[in-house]
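*Asks:*
There are 2 protein chains.
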Amino acid sequence: MMEDGRRRVVVDAVRPQIDGGQFAIKRIIGDELAIEADVFADGHDEIVCVLQHRHGDGPWQEQPMRPSWNDLWLASIRLEKFGTYEYRIVSWVDHFHTWRHDLRKRADAGQNLDVDLQIGAKIIEGAVSRASGEDAKAIRNFADRIVGGTGTASKPFVDQSIGYAAAMDDALLSLMDRNADRSLATISKSYPVAVEDVRAAFSSWYELFPRSYGGAPNKHGTFRDVIAHLPYVESMGFDVIYMPPIHPIGTAFRKGKNNQTTAQPDDVGSPWAIGGKAGGHKAILPELGTLADFHALVAAAKERGMEIALDIAFQCSPDHPYVKEHPAWFKHRPDGTIQYAENPPKKYQDIYPFDFECSDWRALWEELKSVFVYWIEQGVRIFRVDNPHTKAFSFWQWCLAEVKKVRPDTIFLSEAFTRPKIMYRLAKLGYTQSYTYFTWRNTKQELTEYFRELSSHPLTDIFRPNIWPNTPDILHEFLHAGRPAFIARIVLAATLGANFGIYGAAFELMENTPREPGSEEYLHSEKYELKQWDVNRADSLRELIAKLNGIRKAHPALQRNTPVEFHKVESDHLLAYSKVSADGADRVLTVVNLDPRAAHAGWLELPEAWINDGKCEAHDLLTEKNFAWEGSRALIELDPQTTVAHVFTK
Amino acid sequence: MMEDGRRRVVVDAVRPQIDGGQFAIKRIIGDELAIEADVFADGHDEIVCVLQHRHGDGPWQEQPMRPSWNDLWLASIRLEKFGTYEYRIVSWVDHFHTWRHDLRKRADAGQNLDVDLQIGAKIIEGAVSRASGEDAKAIRNFADRIVGGTGTASKPFVDQSIGYAAAMDDALLSLMDRNADRSLATISKSYPVAVEDVRAAFSSWYELFPRSYGGAPNKHGTFRDVIAHLPYVESMGFDVIYMPPIHPIGTAFRKGKNNQTTAQPDDVGSPWAIGGKAGGHKAILPELGTLADFHALVAAAKERGMEIALDIAFQCSPDHPYVKEHPAWFKHRPDGTIQYAENPPKKYQDIYPFDFECSDWRALWEELKSVFVYWIEQGVRIFRVDNPHTKAFSFWQWCLAEVKKVRPDTIFLSEAFTRPKIMYRLAKLGYTQSYTYFTWRNTKQELTEYFRELSSHPLTDIFRPNIWPNTPDILHEFLHAGRPAFIARIVLAATLGANFGIYGAAFELMENTPREPGSEEYLHSEKYELKQWDVNRADSLRELIAKLNGIRKAHPALQRNTPVEFHKVESDHLLAYSKVSADGADRVLTVVNLDPRAAHAGWLELPEAWINDGKCEAHDLLTEKNFAWEGSRALIELDPQTTVAHVFTK
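Residue numbers (my numbering), protein chains in the order written: chain D, 45 to 694; chain P, 45 to 694.
#1: Looking at L147 (chain D): is its Cβ nearer than 9 Å to the Cβ of G170 (chain D)?
#2: Please state the DSSP three-state secondary structure of W113 (chain P).
#3: So, under 8 Å CB-CB, R189 (chain P) and G207 (chain P) are touching, yes? Tell me the CB distance rounded to an integer number of Å.
#4: Is there at least one Cβ from chain D nearer than 9 Å to D82 (chain P)'s Cβ?
#5: Would you mind stating whether I22 (chain D) and V632 (chain D) have Cβ atoms separated by less than 9 Å?
#6: Report the partner residues of I680 (chain D) according to the DSSP bridge assignment.
#7: Just to confirm the assignment: which complete beta strand (DSSP E) runs, minimum length 3, are found wholly within the segment 183 to 250 of chain D?
#8: Give a yes or no on whether the C-beta atoms belonging to A601 (chain D) and K612 (chain D) are separated by under 9 Å.
#9: Apart from the five residues just before and just after P765 (chain D), which ones in its own chain have a Cβ nearer than 8 Å to its Cβ?
#10: Using 9 Å as the limit for Cβ to Cβ distance, is P111 (chain D) near chain P?
#11: Taking only beta carbons into account, state which residues of the segment 161 to 173 of chain P come closer than 8 Å to chain D, listed in chain order.
#12: When burial is assigned at 16 or more other CB atoms within 10 Å of the CB, is M212 (chain D) buried or exposed?
#13: Between L412 (chain D) and chain P, is the shortest Cβ-Cβ distance under 9 Å, so that the two count as touching?
#14: Whose C-beta lies closer than 6 Å to the C-beta of I356 (chain P) among residues of the same chain, with five residues either side of it excluded?
#15: Are at least three pairs of beta-carbons, each pair with one atom in the segment 528 to 539 of chain D and one in the segment 510 to 518 of chain D, less than 8 Å apart?
#16: Which same chain residues, not among the five before or five after A317 (chain P), have their C-beta less than 6 Å away from its C-beta?
#17: Do you know how far the Cα of W647 (chain P) is from the Cα of N556 (chain P)?
#18: Pull out every residue of the segment 393 to 420 of chain D whose Cβ sits closer than 7 Å to any Cβ of chain P, in chain order.
#19: Measure from the alpha carbon of T693 (chain D) to the alpha carbon of each residue in D:D683, D:A678, D:E661 and D:P684, then state which is nearest.
#20: I need the straight-line Cα distance from D56 (chain D) to I121 (chain P), nearest angstrom please.
#21: Less than 9 Å between the C-beta atoms of A542 (chain P) and R604 (chain P), yes or no?
#22: Who are the Cβ neighbours of W577 (chain D) in its own chain at under 7 Å, not counting the five residues just before and after it?
#23: Within the continuous beta strand (DSSP E) that includes D355 (chain D), where are the two ends?
#24: What does the alpha-carbon distance come out to for the pair L574 (chain P) and V312 (chain P)?
#25: So, does the CB of H141 (chain P) fall closer than 9 Å to a CB anywhere in chain D?
#26: Please work out which residues of its chain come closer than 6 Å, Cβ to Cβ, to G193 (chain P), disregarding the five sequence neighbours upstream and downstream, and give them in chain order.
#27: What residue ranges within the segment 553 to 622 of chain D form continuous alpha helix (DSSP H) runs of no fewer than 4 residues, ordered along the chain?
#28: Identify which residue in D:W442, D:D399 and D:H433 has its Cα closest to the Cα of F416 (chain D).
#29: Between the Cα of P111 (chain P) and those of P:H99, P:G100, P:L123 and P:A81, spot the shortest distance and give me the residue it belongs to.
#30: Mind checking whether W440 (chain P) and A353 (chain P) have CB atoms under 9 Å apart?
#31: So, does the segment 382 to 390 of chain P touch the segment 334 to 347 of chain P, judging by three or more C-beta pairs under 8 Å?
#32: Would you list, in sequence order, the uninterrupted alpha helix (DSSP H) runs of no fewer than 4 residues that lie entirely inside the segment 466 to 505 of chain P?
#33: Around the C-beta of T306 (chain D), are 16 or more other C-beta atoms found within 10 angstroms, so that it is buried, or is it exposed?
#34: With a threshold of 8 Å, establish whether the CB of D203 (chain P) neighbours any heavy atom of the ligand NAD.
#35: Thinking F282 (chain P) and N580 (chain P) are a contact (beta carbons under 8 Å), I'd like their distance in whole angstroms, please.
#36: S622 (chain P): buried (16+ other C-beta within 10 angstroms of its C-beta) or exposed?
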């Protein structure tokens, strides 16, 4: 038999929550978190239900929940601090409330209240021992008034109306609520809520390789060069500048240009082959500059309202100091060598993965955590994490939480291009944002299905997509079609994703030559060599990008991922969708021609909210033209040579 | 940091389950339970995943799960015993599987396998210490063969193909699977499954008041009279005969005919006012007979393939022995009286409810449980429980589980006509079946919405509706329309609900006179007086009911609640739905005219499965007429005066 079978209230279906409270739902600072639950007891007694919440290990704060229909109870919390909140629901059968409620009905029916007033006085007296001095006195006073001032329950009343008036006194209700009998209260599990920075939910990323900004052929770029380049990035409206790993690059098994297995002496290597004589994950490649230069870059970006994001890739080149200092963190082969990365029969001898099953795993975890902490100490709080899905999930769950204890507004972008359930798991474990399959979703059906999935429950509470039309690893063949394809993809990315990013300057300069036919690798990939980008080229998409980022900043509807509604257009090549701000005041309707090679036209079924008195007027933020349509449909014509997309506002 | 962070496998979204395993899903003996889960690890290593299950506290049995697409793993269990099973999933990264898989790829690519065979031999040797004598020897032998028979890992191989052949040997695979390294296995929660009798899911109930079968006016019927009446009930095809409480009835505050507050000396009282001089919940009202008579009734029913269901109403008349023997189980009023049932300002002074918050609750629980156990000992295992929603939920959760320990195939029908979430909660707590809102769902929209809700997840795993067109408490005004209304409602009940029941003989004799206009109570309700039923009346629905029960027995499609698909008919008064058996072989399509006062016709969109070569042929099991339609639609015409409904089979 259970410990106390007299707890009569059931608290069920508490929401929002993920996996019964195993993981935190995600919210943004300043959000109002609406909480609901099914709460009920057996029988007809009244229940009281309160919501409790706390930040971190702080004290619980309490507020009443209000009943809605069908046993649903509601309350909300304003989330005012970064970090983890938790909330829980407490409810109990309240005999005072029940008695008071029934007494009113009895009185209304003209019944004799003698015995009922005595019952009430007893319930009220029960609160005396739970109350503090002042309250106790006041409560006892009420109990006395209710039984007619006699102080004894057996003496007949002079006038029931005195007792009834006392029973109905609001002051008594407050006193009793403050000192309610919670001895048989039901307390729900507590459910965590991760409160993150606004930029976790709305950000525009620009990826660049600092070493390519030296300004002359074969001149290795530095952090100082990036500082000089900041006005350019700022002019396009980005707020996060993400750089591939900035650490010393190994020389053993270094990859040459175009990922050749043998490097030439002047080959700079891949930034992801981390670790060399100059150090490992906490060191800077000397060619990029000093720690002071890095600090200067962080500060210069900050002055312009931008932030530097670092790439954390937990793997080592054979030259990484860890290899000698912590051999236990790697797998050893019977021939005495260390196990390099493999995908049999392929071998990646320039990369040593960590062995997350090693017996020294605790020290490994601590050290990896300390990498984040080190860079946080250098002023960074946004990290793009390379291949998190090849490291133990339990490590991430621990590590992300530990790092957030140091800096609760840290943002982690998961670069897990893997199976969907693994991507979603990483989001549950604490990743703030995630790359997506967007790059490979190009048709109307693919895009519609995928963004419907991403905006479905429970993903909306945990998984924040960061939408990239290109990355240094992914040049999709769709972009082979050139300018109209690049425009379509960035309009989609910038309007479908509250978080989006591009790999520049490859994107705005429409770089689209594959290493070989069928490859998603770039020819002369920046991953293996210094590049020079002519960012002032006349055909650059720089201005379009600036316009899109401007639209995003001006339109709250684009600053969140959901709701997104897809609208019917009578063309397989035209994709239309609309978004709305939380307050309903801002609405953006985007229509994109997904075929970069041909013009298409089709009737669009306009969203109802856009139609007033049978008319719809809209302003295209891209072309700055006005449109007016009669009825509920609009004929949309998009020619990739002139207009790839409309981004309408009302 | 967690206890062992090296457990790399995630087992997620295990299903079917209810509330994370807090409650049991319900199944029927003989069912094949299909189980699935999302199981994956970081990286690219192979995982092994097994399903374990056990009955009660028995030993765990294990079987492999098989991977499907998208990280989904599948297995199923045959449920062969009554009672509670539990199942869980165990999965681990398997280094032997990974090594073997990779080795094949390396060999296929023509790589040198020296070091890899040494690695494998080490993995295999690791299994020796986990294995029993025979296996250990065989495993060591394989390890030796893999490293070329030299027994040392450092000596170069003579011939790699010997080691490779040994590595690929299926016997080695079996040995390694049997002795796998599970030290870092992930074990899921365990999830309970309640396995119940077939009658839990498919039953036809007939309610009767034994006292009305005395055969003469004012002659109190007995169990012996019911025995004589069994052939009649059997002839209609029912398998459960449910009797209102059979215990002594209190005389204090006894209700008179038509629920009058004052009883006449010859009034028999309500069977739900339980307890008198002759005893309480374990006694029999002397007028009904002896315990031996009751045993005879149970046996006589059984002989005819029927079962007796008792009504358990946990409440007491003021004359119940408990009132004196266990005053602590009741609430006491300051005037020294015991608190009677109330719904202020209404008073039910003939009923004392138990106080589930009393300090003696443990003894109360044990006693109430013993009531079920007592009647189980008398041969009963089906109980209709009166107003369970006015007793503590925690009590039911404990009590139903305890009773099932005594008799695991016990069936509990919950008579909780209350809010939906409470009804569903009682189902989670262990109630086998539940009354529903069916009686108040009469229009096409109401019926469609309600049965869609009842056949939705997760209700299908826990909540089994028992569909009643009438009860002694509910005479819905729909039935005021007489015969066509009665026919429509019983066809609906018998074909929508795998479990259904009627209150007879009121139903087949179409009793429909309300106590007063607007009342759902019967005039001269059998609850308060002896009735005489002329069951041989020519207009009785007896034959229709017999036909419906015959159809139900012949058609597996009607022996389960889901799936039920509603079909489009161009009439607001015609409701059409179809069901199919688990094997797809049996299909039943029902069309009912919901308007008892007028004929209606409409085009029915035939279910696709019913159309062959553009034609549909169907046999109406009610009229025994054949129908044939061309195309995908059928014109249905139903005149309540002649044909209220069709129940088609293919």
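Glycine included, each C-beta is placed from N, C-alpha and C at the ideal position.
*Replies:* On the basis of the data shown:
#1: As a working note, residue 147 (chain D) is residue 103 in the first sequence. As a working note, residue 170 (chain D) is residue 126 in the first sequence. Contact: no.
#2: As a first step, residue 113 (chain P) must be located in the second sequence, where it is residue number 69. Coil at W113 (chain P), not helix or strand.
#3: The residue given as residue 189 (chain P) occupies position 145 in the second sequence. The residue given as residue 207 (chain P) occupies position 163 in the second sequence. Taking a contact as a CB-CB distance under 8 Å, the pair R189 (chain P) and G207 (chain P) counts as one, their CB atoms being some 7 Å apart.
#4: As a position in the second sequence, residue 82 (chain P) is number 38, starting the count at 1. Chain D has a Cβ within less than 9 Å of the Cβ of D82 (chain P).
#5: Residue coverage of chain D in this structure runs from 45 to 694, which leaves residue 22 (chain D) outside it and unanswerable.
#6: Position 636 of the first sequence, counted from the start, is the residue given in the question as residue 680 (chain D). When DSSP reads this structure, I680 (chain D) sits in a beta bridge with D:G646.
#7: For the segment 183 to 250 of chain D, whole beta strand (DSSP E) runs of length 3 or above, ordered along the chain, are 235 to 240.
#8: To locate residue 601 (chain D), count along the first sequence from 1; it is residue 557. To locate residue 612 (chain D), count along the first sequence from 1; it is residue 568. Between A601 (chain D) and K612 (chain D), the C-beta gap is not smaller than 9 Å, which leaves the two residues out of contact.
#9: The question about residue 765 (chain D) has no answer here: the residues shown for chain D are numbered 45 through 694.
#10: For this step, residue 111 (chain D) is matched to residue 67 along the first sequence. Not one chain P Cβ lies under 9 Å of P111 (chain D).
#11: Under the 8 Å Cβ criterion, the segment 161 to 173 of chain P contributes Q162, I163 and K166.
#12: Counting from 1 along the first sequence, the entry for residue 212 (chain D) is found at position 168. Counting every other CB atom within 10 Å of its CB across the protein chains shown gives M212 (chain D) a total below 16, marking it as exposed.
#13: Position 368 of the first sequence holds residue 412 (chain D). No, because no Cβ of chain P sits closer than 9 Å to the Cβ of L412 (chain D).
#14: Counting from 1 along the second sequence, the entry for residue 356 (chain P) is found at position 312. Here the set comprises F427 and V429.
#15: A contact between stretches requires three or more CB pairs, one per stretch, nearer than 8 Å, and the segment 528 to 539 of chain D meets this requirement with the segment 510 to 518 of chain D.
#16: To locate residue 317 (chain P), count along the second sequence from 1; it is residue 273. Only I293, G294, S361 and D394 meet the Cβ criterion.
#17: Start at 1 with the first residue of the second sequence, and residue 556 (chain P) comes out as number 512. Start at 1 with the first residue of the second sequence, and residue 647 (chain P) comes out as number 603. Roughly 33 Å between the two C-alpha positions.
#18: The segment 393 to 420 of chain D vs chain P, Cβ under 7 Å: F400, E401, W405, R406 and W409.
#19: Numbered from 1 along the first sequence, position 649 holds the residue referred to as residue 693 (chain D). It is D:E661.
#20: If you number the first sequence from 1, residue 56 (chain D) lands on position 12. If you number the second sequence from 1, residue 121 (chain P) lands on position 77. Between D56 (chain D) and I121 (chain P), the C-alpha separation is close to 30 Å.
#21: In the second sequence, residue 542 (chain P) corresponds to position 498, counting from 1. In the second sequence, residue 604 (chain P) corresponds to position 560, counting from 1. Closer than 9 Å, so yes.
#22: If you number the first sequence from 1, residue 577 (chain D) lands on position 533. Listed in chain order, the non-local C-beta contacts of W577 (chain D) below 7 Å within the same chain comprise S256, A549 and L553, local neighbours out to five positions each way being set aside.
#23: Counting from one through the first sequence, the residue named residue 355 (chain D) turns up at place 311. It spans E351 to I356 - the beta strand (DSSP E) in which D355 (chain D) sits, taken as one unbroken run.
#24: Translated into positions along the second sequence, residue 574 (chain P) becomes position 530. Translated into positions along the second sequence, residue 312 (chain P) becomes position 268. Straight-line Cα distance between these residues: approximately 7 Å.
#25: For the purposes of this step, residue 141 (chain P) is taken as residue 97 along the second sequence, with counting starting at 1. No, its Cβ sits nowhere closer than 9 Å to a Cβ of chain D.
#26: Working through the second sequence from its first residue, we reach residue 193 (chain P) at position 149. Only weak support is given to the placement of G193 (chain P): the predicted model assigns it a pLDDT of 49, under 50, and the value that follows is read from those uncertain coordinates. Counting only Cβ-Cβ distances below 6 Å, and skipping sequence neighbours, we find nothing.
#27: Residue ranges of uninterrupted alpha helix (DSSP H) with 4 or more members, entirely inside the segment 553 to 622 of chain D and ordered along the chain, are 586 to 598.
#28: Start at 1 with the first residue of the first sequence, and residue 416 (chain D) comes out as number 372. Minimum Cα-Cα distance from F416 (chain D) among the listed residues D:W442, D:D399 and D:H433 corresponds to D:W442.
#29: For the purposes of this step, residue 111 (chain P) is identified with residue 67 of the second sequence, where counting begins at 1. Of the candidates P:H99, P:G100, P:L123 and P:A81, the one whose C-alpha sits nearest the C-alpha of P111 (chain P) is P:A81.
#30: Residue mapping note: residue 440 (chain P) aligns to position 396 of the second sequence, counting from 1. Residue mapping note: residue 353 (chain P) aligns to position 309 of the second sequence, counting from 1. Going by C-beta atoms, W440 (chain P) is not nearer than 9 Å to A353 (chain P).
#31: Judged by Cβ distances under 8 Å, the segment 382 to 390 of chain P makes no contact with the segment 334 to 347 of chain P, as fewer than three pairs qualify.
#32: Within the segment 466 to 505 of chain P, the runs of alpha helix (DSSP H) at least 4 residues long that lie entirely inside it are, in chain order, 488 to 498.
#33: Against the first sequence, residue 306 (chain D) aligns to sequence position 262. Per the 10 Å Cβ criterion, exposed.
#34: The ligand NAD is not part of this structure, which contains no ligands at all.
#35: As a working note, residue 282 (chain P) is residue 238 in the second sequence. As a working note, residue 580 (chain P) is residue 536 in the second sequence. A Cβ-Cβ separation of about 17 Å leaves F282 (chain P) out of contact with N580 (chain P) under the 8 Å criterion.
#36: The residue given as residue 622 (chain P) occupies position 578 in the second sequence. With 16 or more Cβ atoms within 10 Å of its Cβ, S622 (chain P) is classed as buried.
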